[in-house]
Amino acid sequence: AQSVSQHNHHVILSEAASLELGCNYSYGGTVNLFWYVQYPGQHLQLLLKYFSGDPLVKGIKGFEAEFIKSKFSFNLRKPSVQWSDTAEYFCAVNARGNNRLAFGKGNQVVVIP
Amino acid sequence: EAQVTQNPRYLITVTGKKLTVTCSQNMNHEYMSWYRQDPGLGLRQIYYSMNVEVTDKGDVPEGYKVSRKEKRNFPLILESPSPNQTSLYFCASSLIVSGIYNEQFFGPGTRLTVL
Numbered sequence: 001a002q003s004v005s006q007h008n009h010h011v012i013l014s015e016a017a018s019l020e021l022g023c024n025y026s027y028g029g030t031v032n033l034f035w036y037v038q039y040p041g042q043h044l045q046l047l048l049k050y051f052s053g054d055p056l057v058k059g060i061k062g063f064e065a066e067f068i069k070s071k072f073s074f075n076l077r078k079p080s081v082q083w084s085d086t087a088e089y090f091c092a093v094n095a096r097g098n099n100r101l102a103f104g105k106g107n108q109v110v111v112i113p
Numbered sequence: 001e002a003q004v005t006q007n008p009r010y011l012i013t014v015t016g017k018k019l020t021v022t023c024s025q026n027m028n029h030e031y032m033s034w035y036r037q038d039p040g041l042g043l044r045q046i047y048y049s050m051n052v053e054v055t056d057k058g059d060v061p062e063g064y065k066v067s068r069k070e071k072r073n074f075p076l077i078l079e080s081p082s083p084n085q086t087s088l089y090f091c092a093s094s095l096i097v098s099g100i101y102n103e104q105f106f107g108p109g110t111r112l113t114v115l
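From first to last, the protein sequence lines stand for chains A and B. Mapping the first sequence onto this note's numbering, position 31 (from 1) lands on 31, and the numbers just tick up by one. Mapping the second sequence onto this note's numbering, position 94 (from 1) lands on 94, and the numbers just tick up by one.
1. Please state whether the Cβ-Cβ distance between residue 72 of chain B and residue 24 of chain B is less than 9 Å.
2. Along chain A, in chain order, which residues have C-beta atoms closer than 7 Å to that of residue 43 of chain B?
3. Give me the Cα-Cα distance between residue 36 of chain A and residue 79 of chain B, rounded to the nearest whole angstrom.
4. For residue 43 of chain B, which residues from the same chain have a beta carbon less than 6 Å from its beta carbon, with the 5 sequence-adjacent residues on both sides left out?
5. What residues from the stretch 32-66 of chain B come within 9 Å of chain A, judged by C-beta to C-beta, listed N to C?
6. Answer yes or no: do residue 109 of chain A and residue 47 of chain A have a C-beta to C-beta separation smaller than 9 Å?
7. For the beta strand (DSSP E) containing residue 42 of chain B, list its first residue and its last residue.
8. With a threshold of 7 Å on Cβ separation, who are the neighbours of residue 63 of chain B within its own chain once the five nearest residues in sequence on each side are excluded?
9. How about the stretch 6-17 of chain B and the stretch 63-77 of chain A: do they share at least three Cβ pairs that are nearer than 8 Å?
10. Does the separation of the CB atoms of residue 96 of chain B and residue 53 of chain B fall below 9 Å?
11. For the stretch 48-67 of chain A against the stretch 1-18 of chain A, are there 3 or more C-beta pairs whose distance is under 8 Å?
12. Could you tell me which chain E residues have their CB closer than 7 Å to the CB of residue 46 of chain A, listed as they occur along the chain?
13. Taking the alpha-carbon of residue 115 of chain B as reference, which of B:91, B:106, B:94 and B:87 has the nearest alpha-carbon?
14. Residue 16 of chain B CB to nearest chain A CB: under 9 Å?
15. How should residue 46 of chain B be labelled, buried or exposed, when 16 other C-beta atoms within 10 angstroms of its C-beta is the threshold for buried?
16. So, at 6 Å on beta carbons, what are the nonlocal neighbours of residue 27 of chain B in its own chain, with the 5 sequence-adjacent residues on each side left out?
17. What's the call for residue 58 of chain B, buried or exposed, on a 16-neighbour Cβ count within 10 Å?
18. Could you give the distance in angstroms between the alpha-carbon of residue 70 of chain B and the alpha-carbon of residue 15 of chain A?
Written out as structure tokens, the structure reads:
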């Protein structure tokens, strides 16, 4: 069964700092990869996704993620965060041929003005 | 507007009193799913449905039932709720294109408290 690991569950940083959130998954086959964001009091929204092609994907609001197949990783990055990036971030993985989407436990990110 | 709706948004109930949380999507998506979100545990899948009359268990199905009689609706049923089912519940839907799951669209959530 596929599983997803996210580390550093709580991250606190100042505005303009860079952000990197790690995501590792345990599945040896082809995967679809997603990062979702949940702003306080809101539902989950898609930040970006990777199905195939260029392993560096760009999403909304200046976020990007890099798929490194050899490391089973799909880390999320943003060069300069804003206060409005305060949210919880979830990595999710769908293994091709599997009907389920597995989520990591999330990263709670707080950006201090 | 393309959306997933859930009702009710907030519910406080007592142990053993049957309840249903409705979910509806207007995007003609084949795939629908229910998740529960608990602090420190992320989202865990309860049940999912590939299409009408096709449902299957997720990671935490115990104590829940679902049905998919119409493509747009996917209600979650708690026959005899217990306090450990107090949680935030999300319904989601997505397209399946050539066997590949596209992004899931989430509803606004239902916060359930079982006393």
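Think of the CB as a built atom: it goes at the ideal place given N, C-alpha and C, for glycine as much as any other residue.
Walking through what the data contain:
1. Your numbering for residue 72 of chain B matches position 72 in the second sequence. Your numbering for residue 24 of chain B matches position 24 in the second sequence. Against a cut-off of 9 Å, the Cβ pair of residue 24 of chain B and residue 72 of chain B comes out as a contact.
2. What you label residue 43 of chain B is simply residue 43 of the second sequence in a count that begins at 1. Simply 90 and 103.
3. Locating residue 36 of chain A in the first sequence gives position 36, counting from the first residue. Locating residue 79 of chain B in the second sequence gives position 79, counting from the first residue. So the two alpha carbons sit approximately 31 Å from each other.
4. Position 43 of the second sequence, counted from the first residue, corresponds to residue 43 of chain B. The answer, listed in chain order, is 35 and 37.
5. Answer in chain order: 33, 35, 37, 40, 41, 42, 43, 44, 45, 48, 50, 56, 58 and 59.
6. Working through the first sequence from its first residue, we reach residue 109 of chain A at position 109. Working through the first sequence from its first residue, we reach residue 47 of chain A at position 47. Taking 9 Å as the cut-off, the Cβ atoms of residue 109 of chain A and residue 47 of chain A do not count as close.
7. Within the second sequence, residue 42 of chain B is the residue found at index 42, counting from 1. Residue 42 of chain B -> beta strand (DSSP E) spans 42-51.
8. Mapped onto the second sequence, residue 63 of chain B falls at position 63. So the list reads 78, 82 and 85, once near-sequence residues are dropped.
9. Too few Cβ pairs lie closer than 8 Å, so no.
10. As a working mapping, residue 96 of chain B is identified with position 96 in the second sequence. As a working mapping, residue 53 of chain B is identified with position 53 in the second sequence. For residue 96 of chain B and residue 53 of chain B, no; Cβs fall outside 9 Å.
11. Short answer: they don't touch.
12. Among the chains of the structure shown, chain E does not appear; the protein chains present are A and B.
13. Numbered from its first residue, the second sequence carries residue 115 of chain B at position 115. For the options B:91, B:106, B:94 and B:87, the alpha carbon positioned closest to that of residue 115 of chain B is the one of B:87.
14. The residue given as residue 16 of chain B occupies position 16 in the second sequence. Interface residue (Cβ-Cβ distance to chain A less than 9 Å): residue 16 of chain B is not classified as such.
15. Within the second sequence, the letter at position 46 stands for residue 46 of chain B. By the 10 Å Cβ count, residue 46 of chain B comes out buried.
16. As a working mapping, residue 27 of chain B is identified with position 27 in the second sequence. Here the set comprises 2.
17. Residue mapping note: residue 58 of chain B aligns to position 58 of the second sequence, counting from 1. When all chains shown are included, residue 58 of chain B counts as buried.
18. Taking the second sequence and counting its residues from 1, one reaches residue 70 of chain B at position 70. Taking the first sequence and counting its residues from 1, one reaches residue 15 of chain A at position 15. Approximately 47 Å between the Cα atoms of the pair.
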